[in-house]
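**Student:**
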Amino acid sequence: MQFENKLDFAQGLDRSDPLRKYRDAFYFPKVNEKEVIYFTGNSLGLQPKHTQKYIDEVMTDWKELAVEGHFHAEKPWWDYHERLAAPLAKVVGAKTEEVTVMNTLTVNLHLLMVSFYRPTEKRYKILCEEKAFPSDQYMFQSQVRFHGLSPEEAIVEIKKRPGEHYWRTEDVLAKINEIGEELALVLIGGVNYYNGQVFDIPTITKEGRAVGANVGWDLAHAVGNIELKLHDWDVDFAAWCSYKYMNSGPGNASGVFVNQKYLNRKDIPRFEGWWGTKKETRFLMKPEFEPMENADAWQISNAPVLSMAPYLASLELFDEVGMKALVEKRDRLVAYLEFVLKEIDKEVESTFEVITPKDRGCQLSVFLHGQGRPIFEYLMQHGVITDWREPNVIRLAPAPFYCSYEDMYHFGQILKKGILELA
């Protein structure tokens, strides 16, 4: 399709968008009494309008049933998390029994590393990407120290080539084979938070497993954004937050994937708790832990129902629409955004450099050469909610559920005006 940087063209794309009605399913903040252009779906997704209903159900049951809500609520609390597994499995390409929801992201990654990072004298190294998200870096360092090892020796970072802004898959594979029998774990962010790059999850997973390492993925920026096939790709484990593209609310519960081959086994090392033991015998208060036959065996405490209710509300939308339709709109929406940026670049004395490679999801990370933080502040003051990363990167993440092509056009006009006014 030949794009045009015109309002009527953008509006025409919106009229032909099969997902256009879902924009009205979300609440938008307002700046200067106008709904914002929201580019931070990669940080905190907008609130679905029917979320309140799901929370109110829990609050009403708590008010009217108190403790009996665990078993007699319309959605009983003791197995509330089970309602999320099937729709979430569709989103991540897993079997229902391989998915559970619990805790928050870094907590879950720590718990999963108990099971899947088992260093020995010979095989003890962790492979991750250079400048991984800080929480992951802290996790790696603390896990390594917990095992009495040195982070400098045990943590290996895959670096980008000089002058490039993205990682090359061949460099990741080469590093895996270079470490070889010393490699205990590959754990990488599936979509990089800074540049928006989508890593080749199946290829990297296959190579890591070929040298005898376990392979896991931090999918914080991937779930609800890209198509995933965790089971078919034979990923060992993965975890993700729910508040970015999944729209479940700030700091909400995290999803976990554990490959089927590790389920229903008592020989898997893990930190265990009451909610991971079999439902059938849980209330017999037996001293022996009997693991659930699914990923719930990694649960420790009873379900945080109030945080799971918004997640269930969001998953209802994902189940209705499906990832295929979201990915199709995502690709066209991001392509149109990049086109608009290039058109504006021609009209002003500035240079925009998109550092996100073609292997991408919703996000474009853009160097605004010749511009600084003032242009970011101008955008925010004029109703464009976006994200700034030092030294001069703006992250633009138009989520296909609620962003429109008209948003992309208006963003371009506001950006152009800001650059001219600040010149």
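So for the sequence shown, our numbering puts the first residue at 15; every next one is plus one.
Glycine included, C-beta positions come from ideal geometry on N, C-alpha and C.
Sort Y423, W402, K189 by Cα distance to S57 and report the nearest one.
**Tutor:** Here the closest residue by C-alpha is W402.
**Student:** Cutting at 8 Å between CB atoms, please list the residues of its own chain near T134, excluding the five before and the five after it.
**Tutor:** Excluding positions up to five away in sequence, the list reads A198.
**Student:** Could you tell me if D70 is buried or exposed, where buried requires 16 or more neighbouring beta carbons within 10 angstroms of its beta carbon?
**Tutor:** Classification for D70: exposed.
**Student:** Based on the DSSP secondary-structure assignment, which residues constitute the bridge partners of Y259?
**Tutor:** Looking at the DSSP assignment, Y259 forms no beta bridge with any residue, so it has no partner.
**Student:** Ordered along the chain, which non-local residues of its own chain (more than five positions away) have a Cβ less than 6 Å from that of E221?
**Tutor:** These residues qualify, in order along the chain: L187, I190.
**Student:** Among P305, A327, E111, which one has its Cα closest to the Cα of G287?
**Tutor:** Residue P305 is the option with its Cα nearest to G287.
**Student:** If you draw a straight line from the alpha carbon of F285 to that of F303, how long is it in whole angstroms?
**Tutor:** The straight-line gap from Cα to Cα measures roughly 11 Å.
**Student:** CB-CB under 6 Å to N19, same chain, minus the five flanking residues each way: which ones, in chain order?
**Tutor:** Excluding sequence neighbours, N19 sits near V354, E357.
**Student:** Skipping 5 residues on each side, what residues in its chain have a beta carbon closer than 8 Å to that of Q274?
**Tutor:** Cβ neighbours of Q274 beyond the five flanking positions: K109, E111, E112, H245.
**Student:** Pick out the complete alpha helix (DSSP H) segments inside the region 98-145, 4 residues or longer, and give them in chain order.
**Tutor:** Counting whole runs of 4 or more residues, the region 98-145 contains the alpha helix (DSSP H) stretches 119-130.
**Student:** Could you compute how far the alpha carbon of E196 sits from the alpha carbon of S256?
**Tutor:** Cα-Cα distance, rounded: 34 Å.
**Student:** List the whole-angstrom C-beta distance separating A309 from V272, where the pair is believed to meet the contact cut-off of C-beta under 8 Å.
**Tutor:** 4 Å between Cβ atoms; contact.
**Student:** Using CA coordinates, which residue listed in L21, Q25, Y36 is at the minimum distance from E334?
**Tutor:** Ranking L21, Q25, Y36 by Cα distance to E334 puts Y36 first.
**Student:** Taking 9 Å as the threshold (C-beta atoms), are M422 and A24 in contact?
**Tutor:** Yes, the pair counts as a contact, with Cβ atoms nearer than the cut-off.
**Student:** Return the Cβ separation of G55 and A413 in integer angstroms, given the expectation that the two are a contact with Cβ distance under 8 Å.
**Tutor:** About 3 Å; that satisfies the 8 Å criterion.
**Student:** When the Cα atoms are used, what is the spatial distance from D185 to E88?
**Tutor:** So the two alpha carbons sit approximately 52 Å from each other.
**Student:** Using only the alpha-carbon positions, how far apart do T400 and R409 sit?
**Tutor:** Computed Cα separation, rounded: 6 Å.
**Student:** Cβ of G203 within 9 Å of Cβ of H235?
**Tutor:** In this structure, H235 lies closer than 9 Å to G203 by Cβ.
**Student:** If you run the structure through DSSP and keep just helix, strand and coil, what is L429?
**Tutor:** In this structure, L429 counts as helix in the three-state DSSP scheme.
**Student:** If we call anything under 9 Å between Cβ atoms a contact, is V106 one with Y325?
**Tutor:** Their beta carbons are not under 9 Å apart, which means V106 does not touch Y325 by this criterion.
**Student:** Are F17 and C417 close, meaning C-beta to C-beta below 9 Å?
**Tutor:** In this structure, C417 does not lie closer than 9 Å to F17 by Cβ.
**Student:** Consult DSSP for F297 and reduce its assignment to one of helix, strand or coil.
**Tutor:** F297: coil per DSSP, three-state reduction.
**Student:** Whole-angstrom Cβ separation of A496 and G269, contact assumed at under 8 Å?
**Tutor:** Any property of residue 496 remains undetermined from this structure, which presents the chain solely from 15 to 437.
**Student:** Enumerate in chain order the residues of its own chain whose CB-to-CB distance from V380 is below 6 Å, with the five nearest sequence positions on each side excluded.
**Tutor:** For V380, where only same-chain residues beyond five positions count, the Cβ hits under 6 Å are F366, V368, I408.
**Student:** In the DSSP assignment, find the unbroken beta strand (DSSP E) run with V272 in it and report its ends.
**Tutor:** Run containing V272: 268-272, per the beta strand (DSSP E) assignment.
**Student:** Among A437, L429, S262, M260, whose alpha-carbon lies nearest the alpha-carbon of D359?
**Tutor:** The shortest Cα separation from D359 among A437, L429, S262, M260 belongs to L429.
**Student:** Per DSSP, which residues does H383 bridge with? Please list them.
**Tutor:** Looking at the DSSP assignment, H383 forms a beta bridge with T365.
**Student:** Measuring alpha carbon to alpha carbon, tell me which of E420, H383, C376, E363 ends up nearest G59.
**Tutor:** The option with the nearest alpha carbon to G59 is C376.
**Student:** By the 10 Å Cβ neighbour count, where 16 or more other Cβ atoms means buried, how is Y276 classified, buried or exposed?
**Tutor:** Counting Cβ neighbours within 10 Å, Y276 comes out buried, since at least 16 surround it.
**Student:** Please name the residue or residues paired with V398 in a DSSP beta bridge.
**Tutor:** BP columns for V398 point to I51.
**Student:** Who pairs with P305 in a beta bridge, going by DSSP?
**Tutor:** The partner list for P305 (beta bridge, DSSP) reads T291.
**Student:** Whose C-beta lies closer than 7 Å to the C-beta of M337 among residues of the same chain, with five residues either side of it excluded?
**Tutor:** Around M337: V105, E241.
**Student:** Please confirm whether I389 and L382 have their CB atoms less than 9 Å apart.
**Tutor:** Yes, the Cβ-Cβ distance between I389 and L382 is below 9 Å.
**Student:** Are Q385 and I433 close, meaning C-beta to C-beta below 9 Å?
**Tutor:** Yes.
**Student:** Rank K44, K139, L98 by C-alpha distance to the C-alpha of A317 and give the top, closest one.
**Tutor:** Nearest of K44, K139, L98 to A317, Cα basis: L98.
**Student:** Can you round the beta-carbon distance between D214 and D150 to whole angstroms, since I take them to be within the 8 Å contact cut?
**Tutor:** Wrong, their Cβ atoms sit about 19 Å apart, outside the cutoff.
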